[in-house]
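Chains as they are written, first to last, in the numbering used here: chain Y, 224 to 603; chain H, 224 to 603. Ideal Cβ positions, reconstructed from N, Cα and C, are used throughout, including at glycine. Below is one structure, written out as structure tokens; the observations come after it.
2 protein chains.
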Amino acid sequence: MMTASSAPVRQSSVRAHNLALVLQTVANSADPISRAAVAAATGLTRATVSALVDDLIAGKLLVEVEPAPRSGAGRPAAGLRLAPDGPAGLGLEINVDYRAACVVDLTGRIRHRLVEAGDQRPVGAGSALAALSLLATEARRRAEADGLTVAGAALAVPGLVTGDDTVRIAPNLGWLDVAVGELGGLPVAVDNEANLAALSELGTGELPPSFVYISGEIGIGAGIVLDGALFRGVRGWSGEIGHLAIDPDGPPCRCGARGCLEQYAGQEAMLRAAGAATVADLAAADLSTAGHALGTAIAAVVNLLDVGTVVLGGIYAPLLPRLRDAIGAEIDRRVLTADWSPVQLRAASYGPDAAMRGAAGAVIRGVLDDPAGWLARTRA
Amino acid sequence: MMTASSAPVRQSSVRAHNLALVLQTVANSADPISRAAVAAATGLTRATVSALVDDLIAGKLLVEVEPAPRSGAGRPAAGLRLAPDGPAGLGLEINVDYRAACVVDLTGRIRHRLVEAGDQRPVGAGSALAALSLLATEARRRAEADGLTVAGAALAVPGLVTGDDTVRIAPNLGWLDVAVGELGGLPVAVDNEANLAALSELGTGELPPSFVYISGEIGIGAGIVLDGALFRGVRGWSGEIGHLAIDPDGPPCRCGARGCLEQYAGQEAMLRAAGAATVADLAAADLSTAGHALGTAIAAVVNLLDVGTVVLGGIYAPLLPRLRDAIGAEIDRRVLTADWSPVQLRAASYGPDAAMRGAAGAVIRGVLDDPAGWLARTRA
DNA sequence: CTCAAATAATTCAACCAATAAACAAATCCG
DNA sequence: CGGATTTGTTTATTGGTTGAATTATTTGAG
């Protein structure tokens, strides 16, 4: 009921917290940063920072680089940066028409990227996962050939996930209650693609700490980021906006209800309405119906969560210029607070790689959030 | 961007955290609890718990009570309970037709309660607040006569609040940009009534850590509790569900849009639809239109946030038996995950006092969450 | 009635991590 | 070249938890 997260704090937790603090201060700095600057930024002592940095360097999380071009008097600073050859994250994705794997290092750079196109639906969950496991193994092999250590793996799926490793239902893949287990010899954290894509957007550093990412694909999902952390809901099923009711008398939806958002702004509905064959054709179509529906849904999200920024991803990203007016009109009409602080609409920065990149990012974020755990692992 | 809340942790923070941990462990225990049991529950050492408890007793946050009826051998335990005569919270409320104040002690008991009925709209913000300040002073006087120390005050208003002390807009009071400042000689934290009512429900201890409280009054608002903490949104304007779109072609709303929830399930709409004069008359009316609208909105909330419990307060609480079927039908239709884990609908435990009680509760929760801060204040 | 067993709470030395202040290193500038 | 300046390290101190030993208070068995 109360908030003091019922775990005791021992001294070692202090160190764990401060290790994370130092590491993240370095991570958030655009340029290499000195120990002294970290101390100033965090409020810790230079002595403490030095001690912490020693640990982080020994654990291959930070590296010292050439002193930055100097100015003024004084001993030159040694620059600190995230280690490009330390732990890395393995990001995996299975979607309707491809499977993919990538390796992202601590600095956020994609080091390897493997994609296999092909319809995953007829294959079945077992074979699809077996093939993905091979892909994961290959990605891992390449990463280790580079001197990277794969710290973990995460998998993005278009569906509902429970308990971190079971796909409860993925309608568009035809999956039901699929336990993922290990892939490429690593335990895998499974999550919804919209959630992970939201994380990858967060990783750009160009967004406020709270926003909602809307993923437009065959289905429509939302990834909710509050205060810099993904909000998953009680069972991990937050962000299911595809079946928000837009019009109680609207067209029937395969979910059994009527007038769901997907019936107006889902990929298939948009193609049908525009008489278009491919997503590319939509760029020239009239999307006002979809836009108004999407705007109504976004207004609901903003009214409920009071987020100031909405990121549109998936097929919406390239179509945003044509959707913006209709969405904006609904927001202005339906969001009471829009007068005081307008809602920002943005297109996603990453294209189809967003979810996979977010999956890898989730792994490295785990290391960045708990470096002490990583250091303990490496020592063992 | 990252999560390690950019403050360094010094050793004293460890103590502050553990003080809160011990205090809350005692608070969450139904019966008096021994130091040894606290140690077992928290994972701290008995020695540490003893030292922390000494501080908490010295600061009038805990008291030792008679050993509980024993069983078995061994030295009898000294029971610990929250102090009934330590800090107390002053809860204030201004609503359309009354103003009120109450004093709640650490244990959650209402010690004093003052209500003045009367339409607050013609009075204007200034006079209403001045009158409330007198009420607050009187409540505080009575509390201190009991030996209580008023730790702070919070005010519930039916409107949007910014920056903890300014009412941006309260449509039903006719307030616009009202800065509250001090009342009864205390700085006041202002918050939305639905938020505070939600907190009071959380305080019952009978709810899961995540739920949504829906307040049905003239307007409709929601208080969102996630993981035991109120979720306020970026600017504190979360939970504005009164203007969720139910039907794009529905009746026009005073907000400028059409088919808002308030036009179906707001107090005035329900009275009009039922041809009733008072809220009491609704108990016998057909509320299916309101119920379906409410159910549609609740389905949206659940799809978005994945909360498993919805608490209905305000005028909805007594009407829940008549609303339940319609709400449930919409939830079943529109919430994909309802098959796996059904959404619980509950009536609120507290009646009209909920918001005021929650305001007082917010104050004592502040003490419970940061006992170290309170101890520092008392020593000064 | 006395003594062993059991449980509660306190005392005390050890330890861990951060701090503050002094010190060493490396550069700039007059 | 020498003082000023900034970075980074060393060392003694301090705050806070731990673990073991100690004291306190009861039940129950002989």
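How many Å lie between residue i and residue j at the Cα?
| i | j | result |
| --- | --- | --- |
| residue 277/H | residue 240/H | 15 Å |
| residue 248/Y | residue 305/Y | 10 Å |
| residue 418/Y | residue 275/H | 41 Å |
| residue 463/H | residue 386/Y | 31 Å |
| residue 374/Y | residue 543/Y | 36 Å |
| residue 438/H | residue 415/H | 11 Å |
| residue 280/H | residue 356/H | 32 Å |
| residue 578/H | residue 316/H | 7 Å |
| residue 286/Y | residue 368/Y | 20 Å |
| residue 302/Y | residue 307/H | 56 Å |
| residue 632/Y | residue 350/Y | Only positions 224 to 603 of chain Y appear in the structure, and residue 632/Y is not among them; the question remains open. |
| residue 455/H | residue 433/Y | 12 Å |
| residue 531/H | residue 593/Y | 30 Å |
| residue 361/H | residue 489/Y | 59 Å |
| residue 342/H | residue 372/H | 31 Å |
| residue 553/Y | residue 467/H | 11 Å |
| residue 243/Y | residue 253/H | 37 Å |
| residue 602/Y | residue 380/Y | 33 Å |
| residue 539/Y | residue 493/H | 39 Å |
| residue 481/Y | residue 491/Y | 16 Å |
| residue 570/Y | residue 535/H | 37 Å |
| residue 266/H | residue 300/H | 18 Å |
| residue 598/Y | residue 282/Y | 6 Å |
| residue 344/H | residue 441/H | 14 Å |
| residue 483/Y | residue 323/Y | 30 Å |
| residue 262/Y | residue 272/Y | 6 Å |
What residues are listed by DSSP as bridge partners for residue i?
| i | result |
| --- | --- |
| residue 318/H | 321/H |
| residue 501/Y | None; residue 501/Y has no bridge partner. |
| residue 438/H | 444/H and 536/H |
| residue 335/H | 326/H |
| residue 392/Y | 383/Y and 399/Y |
| residue 481/H | 475/H |
| residue 567/H | 532/H |
| residue 376/H | 313/H and 411/H |
| residue 286/H | 304/H |
| residue 256/Y | 303/Y |
| residue 449/H | 452/H |
In chain H, which residues lie less than 9 Å from residue i when you measure between Cβ atoms?
| i | result |
| --- | --- |
| residue 303/Y | Those within 9 Å of residue 303/Y in chain H number zero; the least Cβ separation is about 16 Å. |
| residue 286/Y | In chain order: nothing, as chain H lies at least about 19 Å away. |
Given that residue i touches chain H, what residues does it touch there, using C-beta distances under 7 Å?
| i | result |
| --- | --- |
| residue 380/Y | Within chain H, no residue comes near residue 380/Y; the closest Cβ sits about 15 Å away, beyond 7 Å. |
| residue 207/Y | Limits of chain Y in this structure are 224 at one end and 603 at the other, which puts residue 207/Y out of reach. |
Cβ closer than 8 Å: which chain Y residues qualify as neighbours of residue i?
| i | result |
| --- | --- |
| residue 241/H | 231 and 232 |
| residue 237/H | 232, 233, 234, 236 and 237 |
| residue 279/H | Those do not exist, as residue 279/H stays about 13 Å from chain Y at its closest Cβ, beyond 8 Å. |
Taking Cβ-Cβ distances shorter than 7 Å, what residues in chain Y pair up with residue i?
| i | result |
| --- | --- |
| residue 433/H | 457 |
| residue 466/H | 526, 557 and 559 |
| residue 568/H | In chain order: nothing, as chain Y lies at least about 16 Å away. |
| residue 422/H | Near residue 422/H there are no residues of chain Y at all, since even the closest Cβ is about 11 Å away, more than 7 Å. |
Along chain Y, in chain order, which residues have C-beta atoms closer than 9 Å to that of residue i?
| i | result |
| --- | --- |
| residue 391/H | 560 and 563 |
| residue 510/H | Correct list: empty, because the minimum Cβ distance to chain Y is about 17 Å. |
| residue 419/H | Within chain Y, no residue comes near residue 419/H; the closest Cβ sits about 16 Å away, beyond 9 Å. |
Output, in chain order, the set of chain H residues within a Cβ distance shorter than 8 Å of residue i.
| i | result |
| --- | --- |
| residue 383/Y | 559 and 560 |
Cβ-based contacts, 9 Å cut-off: residues of the segment 395-407 of chain H near chain Y:
The segment 395-407 of chain H vs chain Y, Cβ under 9 Å: nothing.
Mind the definition here: the segment 586-595 of chain Y touches the segment 334-350 of chain Y only if three or more C-beta pairs lie below 8 Å; say whether that holds.
Touching, no, given that fewer than three Cβ pairs across the two stretches are closer than 8 Å.
Does the segment 396-410 of chain Y come close enough to the segment 497-509 of chain Y that 3 or more CB-CB pairs lie under 8 Å?
Taking 8 Å as the limit for Cβ pairs, the verdict is that the segment 396-410 of chain Y does not touch the segment 497-509 of chain Y.
Using a Cβ-Cβ cut-off of less than 7 Å, list which residues of the segment 473-502 of chain H approach chain Y; keep chain order.
So the close ones are 478, 479 and 480.
Positions along the segment 438-464 of chain Y whose CB lies within less than 9 Å of some CB in chain H:
From the segment 438-464 of chain Y, only 445, 447, 449, 450, 451, 452, 454, 455, 456, 457, 458, 459, 460, 461, 462, 463 and 464 have a Cβ closer than 9 Å to chain H.
Take every Cβ of the segment 431-450 of chain H, pair it with every Cβ of the segment 510-529 of chain H, and state whether three or more of those distances are shorter than 8 Å.
Of all C-beta pairs linking the segment 431-450 of chain H to the segment 510-529 of chain H, three or more are shorter than 8 Å, placing the two stretches in contact.
Identify each residue in the segment 518-545 of chain H for which the Cβ-Cβ distance to at least one residue of chain Y is less than 8 Å, and report them in chain order.
Of all residues in the segment 518-545 of chain H, 519, 522, 523, 524, 526, 527, 528, 529, 530 and 531 have a Cβ within less than 8 Å of some Cβ in chain Y.
Please identify, using Cβ separations under 7 Å, the residues of the segment 256-274 of chain H that lie next to chain Y, in order along the chain.
Within the segment 256-274 of chain H, the residues whose Cβ lies closer than 7 Å to any Cβ of chain Y are, in chain order, 265, 266 and 267.
Contact between the segment 418-427 of chain H and the segment 551-568 of chain H (3+ Cβ pairs under 8 Å):
Contact between the segment 418-427 of chain H and the segment 551-568 of chain H is not established, with fewer than three Cβ pairs separated by less than 8 Å.
What are the residues of the segment 339-356 of chain H that lie near chain Y, defined by any Cβ-Cβ distance shorter than 7 Å?
Contact annotation: in the segment 339-356 of chain H, no residue has its CB less than 7 Å from a CB in chain Y.
Looking at chain Y, which residues of the segment 318-335 of chain H have a Cβ within less than 8 Å of any of its Cβ atoms?
Against chain Y - using a Cβ distance shorter than 8 Å - the segment 318-335 of chain H contributes no residues.
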